[in-house]
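Engineer:
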Amino acid sequence: MKKTSVLLSWRLPLLLSLWAAPAGAHWGMPDEASSISVRRGHASDWIMGDSSGALISRDEGTTWRWICPEGMGIAIWRPERYFWLSGGAILAATGSALIRSDDSGCTWTAHGYFKDTWVTSLAVHPVDERFLYVSTGRPSQSNGLFRSEDGGESWVQALAPTPGSQFSAIRVAASDPLRIYASGQDAEGQFLTRSDDGGRVWTRLPQPLTALKLPYDLVLLRVSDASPDVLWAKVSAQGHDWLLKSTDGGATLTPVMDTYERIGSVEASPDGRTVWVSTTTHLFRGQDDGPFTELAEPNGNACALKRDGTLYGCGPGWTGGWALAKSADDGTTWDPMFKLGDVQGAHLCPASTPVQQRCPALWPQLAQLYGAGPDGGVGPTPDAGPSEPPVTPPASDGCAAAPGLVPGALLVLATAWARRSRRGASARSQRS
304 MKKTSVLLSW RLPLLLSLWA APAGAHWGMP DEASSISVRR GHASDWIMGD
354 SSGALISRDE GTTWRWICPE GMGIAIWRPE RYFWLSGGAI LAATGSALIR
404 SDDSGCTWTA HGYFKDTWVT SLAVHPVDER FLYVSTGRPS QSNGLFRSED
454 GGESWVQALA PTPGSQFSAI RVAASDPLRI YASGQDAEGQ FLTRSDDGGR
504 VWTRLPQPLT ALKLPYDLVL LRVSDASPDV LWAKVSAQGH DWLLKSTDGG
554 ATLTPVMDTY ERIGSVEASP DGRTVWVSTT THLFRGQDDG PFTELAEPNG
604 NACALKRDGT LYGCGPGWTG GWALAKSADD GTTWDPMFKL GDVQGAHLCP
654 ASTPVQQRCP ALWPQLAQLY GAGPDGGVGP TPDAGPSEPP VTPPASDGCA
704 AAPGLVPGAL LVLATAWARR SRRGASARSQ RS
């Protein structure tokens, strides 16, 4: 309890101090990092998702700039991850809309095909970027799976929407792109569905999970790069999040780890022998199907990306530590790459774009929380379009255009933070 009190001694005043801020204040602690993505075929272009919008780098993670949610039109929705395609388009499923930017993050649009439902997940073919897949999961509506064969311009049904079904995630097997999985739930319980022909025919795989009591919220997290039959998912039950593994193509899921914390994502080595599990406050590592152990760092906002033999992890930027680091020894030790105070300001875009019109005016408020200095004044990035003088942005209506909601939301957040701190202190993982 002492640790919790110390943490709240500065977090709670910080949160409550935002009550007097404009309604554009964002819900969530700064840099609640959720993902790291690198543009396919362009190692210099990185994008990191977090609770304050997104951070973008054009120099392989050396310098970073901020993209505000207002400029993206996503309000308080946070994408599970971003896909930066080789051709330059950035796409993400926000949990509400499918958003896209074709100008390196300066202008974002939501696809009208999904305006009446919620896009819960996006998957991209590992080789042919024309093929994209989406799952939907809006409560009290019919939900299904959808496929695009033109890079996301148009969409067709891959699995027709059915009443009572909600899909939480969709993934494509890197080693066999014809193998596609999706997770969901309906009146009969939790299930996976699998296609072996690129999403034309699907087989429902019920998951009773009899070893757990009242499981709910089954989410497919990852398919192994080494085998299309190996995958990981998570499910919640009795106050725990459980990591589940299948080695038989999703026919059965077996618990392999549990924690009091919320499991966010799974990363795996190319051979599938080493697995990293990201939670709200820790990063766990398991090797060769052995027990998972908690790594010393990061101790907050854990997410991970294994790329070209290096493990990248996002850390607890709100504590003053590193926001992104890399590891050459699978997470045992870390080499910091940047901290929030290093963010150089709002993303540099042409004056006519939504990001340029909305984000610069909001940056000073966030900069105070980040501990960042004034904008460094670096020139526009090559793909941002012609340089134009910035315009004075209109007054912000807030993340959800509801000014009266911000103080209440922050109070709820403060309470949740206390609970999360207590849970983080007693977090554990074990081999089932």
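Residues in the sequence shown are numbered from 304 upward in steps of one, following the numbering used here.
Don't be surprised by glycine CBs; every beta carbon is placed ideally from N, CA and C.
How many angstroms separate the CA atom of Trp505 from the CA atom of Leu462?
Structural biologist: In a straight line, the C-alpha of Trp505 is about 7 Å away from that of Leu462.
Engineer: Does the beta-carbon distance from His428 to Val475 come in below 8 Å?
Structural biologist: Yes. Within cutoff.
Engineer: The alpha helix (DSSP H) that contains Cys662, what's its start and end?
Structural biologist: Where Cys662 is concerned, the enclosing alpha helix (DSSP H) stretches over Pro657 to Tyr673.
Engineer: Is Asp489 helix, strand or coil by DSSP?
Structural biologist: Residue state, collapsed to three classes: strand.
Engineer: Kindly indicate if chain E contains any beta-carbon less than 8 Å away from that of Ile483.
Structural biologist: The chain inventory of the structure shown lacks chain E, comprising one protein chain alone.
Engineer: Alpha carbon to alpha carbon, what distance is there between Ser404 and Pro653?
Structural biologist: Spanning the two alpha carbons is a distance of roughly 14 Å.
Engineer: Which same chain residues, not among the five before or five after Phe417, have their C-beta less than 6 Å away from its C-beta?
Structural biologist: Cβ within range, chain order: Leu401.
Engineer: Could you tell me the alpha carbon to alpha carbon distance between Phe641 and Leu495, rounded to whole angstroms?
Structural biologist: Each residue's alpha carbon lies about 39 Å from the other.
Engineer: Ignore the nearest five residues each way along the sequence and tell me which others in Phe643's own chain have a CB closer than 6 Å to its CB.
Structural biologist: Looking at the sequence shown, residue 643 is not Phe but Leu. So the qualifying residues of the chain are Asp334, Gly620, Ala626 and Tyr673.
Engineer: With H, G and I counted as helix, E and B as strand and the rest as coil, what does DSSP make of Glu373?
Structural biologist: It is helical.
Engineer: Going by C-alpha to C-alpha distance, which of Leu388, Ser407, Thr562 and Cys617 sits closest to Met375?
Structural biologist: The residue with the shortest Cα to Cα distance from Met375 is Ser407.
Engineer: Note down, one range per segment and in chain order, each beta strand (DSSP E) of at least 3 residues found wholly within the region 567-613.
Structural biologist: Runs found: 577-582, 586-590 and 606-610.
Engineer: Are Ala396 and Thr423 closer than 8 Å when you measure CB to CB?
Structural biologist: Yes. Within cutoff.
Engineer: Considering only residues of the same chain and omitting the five flanking positions on each side of Ser451, which have a CB-CB separation below 8 Å?
Structural biologist: Excluding sequence neighbours, Ser451 sits near Arg433, Phe434, Leu435, Tyr436, Val437, Ser457, Trp458 and Val459.
Engineer: What does the alpha-carbon distance come out to for the pair Ser527 and Asp611?
Structural biologist: If I take the Cα positions, the gap works out to 16 Å.
Engineer: Please identify the residue among Thr583, Cys371 and Asn446 whose C-alpha is closest to the C-alpha of Pro663.
Structural biologist: Checking every option, the nearest Cα to that of Pro663 belongs to Cys371.
Engineer: With H, G and I counted as helix, E and B as strand and the rest as coil, what does DSSP make of Phe417?
Structural biologist: Reduced to three states, the DSSP call for Phe417 is helix.
Engineer: For Leu523, which option in Leu534, Ala529 and Gly593 has the closest C-alpha, if you only look at C-alpha atoms?
Structural biologist: It is Leu534.
Engineer: Within a Cβ cutoff of 6 Å, which residues of the same chain sit near Pro509, ignoring the five residues on either side of it in sequence?
Structural biologist: Phe494.
Engineer: If you drop the 5 nearest sequence neighbours on each side, which residues of the same chain put their C-beta closer than 8 Å to that of Pro573?
Structural biologist: Answer for Pro573: Asp528, Ala529 and Lys609, listed in chain order.
Engineer: Which residues in the same chain as Gly467 place their Cβ atom closer than 6 Å to its Cβ, once the five residues preceding and following it in sequence are excluded?
Structural biologist: Once the five neighbours on either side are set aside, the close Cβ partners of Gly467 are Asp489 and Ala490.
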